[in-house]
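**Q** I'd like to ask you about the structure that follows.
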Amino acid sequence: MDFSGSLLRERFDVYEKDGDELKGDPLTAMSNRMVVPLLDHSGKVGERFVIRGKYMHSCIRLAARIIHTFMDQGPILVRDNDPFDWENAWLRLIEDHDQKYHPDLWVAIYANGKLIYEYGEHHMFFDVIEQCDHKQQDNYDAAIKYTEKIFEQYGKKISIKHDSSVALVVNLKDNEGRCGVVLRGADKTTTFNYRVAQKGKNGDDVFLPQLIGSAGAFLEGIQLSFFIGMANEKLRQEVIPRVSPEEKEARSSRTRLAKMNAQINALEQNYDVRYRPEKPIFSEMVIAAEELMAKILEQKRMEEAAEDEVWIDDTLEEEQKSE
């Protein structure tokens with residue numbers, strides 16, 4: 000099954016308007032968004048789902064789960080006798096680590112502009128946007144303008160400021176998969192790509208759910224590596240105690256990170272995987288995060304020391320001596 004999709008980071012700022020002027024602070028809604036088009040045997044889109052969520056890796060894994068089900072059992076929305084269990088599918092995807100340490104975790108799934116499943120609390124503005132997107136035949140830019148018109152028809156003039164950036168691009172065609180991951184930090188943006196192909200003439204075909212799932216493993220692994228490194232340095236410098244909520248989360252994160260490495264290793268064992276420019280190494284990212292936290296803590300100590308210094312004005316004393 001061929002596939003082309005991307006994951007977006009999005010931010011909406013919705014302002015009320017007084018004439019042509021914006022007034023007050025905006026209503027802000029942020030999420031990750033991934034469109035999942037499922038192609039039938041003729042190559043046309045048979046079903047289309049939109050996944051929104053708090054965390055990138057959970058959106059990606061849910062997309063992989065939907066695709067796996069579609070490939071295995073066919074269309075998802077028209078199962079009258081055996082409806083798809085969204086709740087079970089989602090809960091099997093999220094681990095104890097997510098449930099325990101990410102209480103703000105949420106996800107919302109849409110089909111034909113309607114909310115068909117939700118977990119946690121999401122902003123209701125997304126429901127309106129997805130309805131308008133469907134009415135505009137999946138023309139997302141037109142949907143945002145259409146949303147403004149709908150509000151105006153109900154007597155409320157608004158202006159929507161929309162900012163989005165690509166976090167992931169996934170393509171599978173002719174049994175060759177390509178993934179591009181964009182990482183945005185505080186001071187720089189980095190990108191790495193990898194190609195996944197059949198290993199030898201008799202190797203397995205590229206399995207789309209595993210391809211997409213590997214991208215989720217990379218994104219979560221990078222996030223976990225950063226947290227672990229920061230916590231390690233805090234522990235080393237005794238900023239946090241050995242028995243603390245942050246230390247427990249770091250310990251759980253190490254276990255979770257090992258699972259991410261296992262998923263990536265499985266991909267590399269099954270297929271010919273090539274990275275450009277190079278494969279992200281989680282252990283190196285942990286060390287980099289430790290070094291960053293060391294710099295942050297040193298800067299904090301210097302600032303605190305400067306605040307504690309007492310400045311003595313000896314100008315008057317020097318003037319008296321000169322007299």
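Counting from 1, position 20 in the sequence shown corresponds to residue 19 in numbering that gives the first Met the number 0; the numbering is continuous, with no gaps.
For glycine and all other residues, C-beta sits at the position ideal for the given N, C-alpha and C.
1. Since SER252 contacts PHE125 with CB under 8 Å, what's their CB separation in whole angstroms?
2. Nearest to ILE149 by alpha carbon, out of LYS134, ASP162, PHE2?
3. In the structure shown, what three-state DSSP assignment does ARG241 receive?
4. If you count every other CB in all the chains shown that lies within 10 Å of the CB of ALA216, and 16 or more means buried, which is it?
5. Going by C-alpha to C-alpha distance, which of GLU117, ASN111, LYS113 sits closest to TRP105?
6. Assuming LEU6 and SER164 make a contact with CB atoms under 8 Å, what is their CB distance in whole Å?
7. Can you pull the DSSP bridge partners for HIS161?
8. I'd like the list of long-range same chain contacts for ARG177, defined as Cβ closer than 6 Å, with 5 residues on each side in sequence excluded.
9. Between the stretch 239-252 and the stretch 289-307, do at least 3 Cβ pairs fall closer than 8 Å?
10. Within the same chain, show all residues whose beta-carbon is closer than 8 Å to that of ILE66, passing over the 5 residues directly before and after it, in chain order.
11. Would you check if the distance between the CB atom of MET284 and the CB atom of PHE191 is smaller than 9 Å?
12. Leaving out the 5 sequence neighbours to the left and right, which residues in its chain are closer than 7 Å to GLU129 when beta-carbon positions are compared?
13. For GLY220, which three-state DSSP category applies?
14. Are ILE227 and LEU256 touching if we call contact CB-CB under 9 Å?
15. Verify whether the separation of the beta carbon atoms of ASP12 and ILE159 is less than 9 Å.
16. Compute the beta-carbon to beta-carbon distance between TYR270 and GLY220, rounded to the nearest angstrom, for a pair I have assumed lies under 8 Å.
17. Can you list, in chain order, the residues of its chain whose CB lies under 7 Å from that of ASP39, leaving out five sequence neighbours each side?
18. Rounded to whole angstroms, what is the Cα-Cα separation between LYS200 and ASN174?
19. Reducing DSSP to helix, strand and coil, say where ARG235 ends up.
20. Does DSSP put VAL191 in a helix, in a strand, or in coil?
**A** Walking through what the data contain:
1. The sequence position of residue 252 within the sequence shown is 253, counting from 1. The sequence position of residue 125 within the sequence shown is 126, counting from 1. With 8 Å as the limit, SER252 and PHE125 do not qualify as a contact, their Cβ atoms being about 29 Å apart.
2. Within the sequence shown, the letter at position 150 stands for residue 149. The candidate whose alpha carbon is nearest that of ILE149 is LYS134.
3. In the sequence shown, counting from the first residue as 1, residue 241 sits at position 242. Note: ARG241 maps to coil in three-state DSSP.
4. Along the sequence shown, read from residue 1 onward, the residue named residue 216 stands at position 217. By the 10 Å Cβ count, ALA216 comes out buried.
5. Here residue 105 refers to the residue found at position 106 when the sequence shown is read from its first residue. Closest by alpha carbon: GLU117.
6. Translated into the one-based positions of the sequence shown, residue 6 becomes position 7. Translated into the one-based positions of the sequence shown, residue 164 becomes position 165. Not a contact, Cβ separation roughly 10 Å.
7. Position 162 of the sequence shown holds residue 161. The partner list for HIS161 (beta bridge, DSSP) reads PHE11.
8. Position 178 of the sequence shown, counted from the first residue, corresponds to residue 177. Excluding residues within five positions, the ones whose Cβ falls inside 6 Å are ASN170, ARG194.
9. no
10. Within the sequence shown, the letter at position 67 stands for residue 66. The answer, listed in chain order, is MET0, PHE2, VAL35, LEU37, LEU207, PRO208, ILE211.
11. The residue given as residue 284 occupies position 285 in the sequence shown. The residue given as residue 191 occupies position 192 in the sequence shown. Not a contact, by the Cβ cut-off of 9 Å.
12. Position 130 of the sequence shown, counted from the start, is the residue given in the question as residue 129. Excluding positions up to five away in sequence, the list reads VAL49, TYR109, GLY112.
13. Counting from 1 along the sequence shown, the entry for residue 220 is found at position 221. GLY220 falls in the helix class under three-state DSSP.
14. Here the question's residue 227 lines up with position 228 in the sequence shown. Here the question's residue 256 lines up with position 257 in the sequence shown. Yes, Cβ-Cβ distance for ILE227 and LEU256 is below 9 Å.
15. Indexing the sequence shown from 1 puts residue 12 at position 13. Indexing the sequence shown from 1 puts residue 159 at position 160. Closer than 9 Å, so yes.
16. One-based indexing of the sequence shown puts residue 270 at position 271. One-based indexing of the sequence shown puts residue 220 at position 221. At roughly 18 Å, the Cβ-Cβ gap does not stay under 8 Å, so TYR270 and GLY220 are not in contact.
17. Within the sequence shown, numbered from 1, the residue matching residue 39 stands at position 40. These residues qualify, in order along the chain: GLY45.
18. If you number the sequence shown from 1, residue 200 lands on position 201. If you number the sequence shown from 1, residue 174 lands on position 175. Rounded to whole angstroms, LYS200 to ASN174 spans 12 Å at the Cα level.
19. Within the sequence shown, numbered from 1, the residue matching residue 235 stands at position 236. Reduced to three states, the DSSP call for ARG235 is helix.
20. Taking the first residue of the sequence shown as position 1, residue 191 is located at position 192. Per the sequence shown, the amino acid found at residue 191 is Phe instead of Val. Strand, per DSSP.
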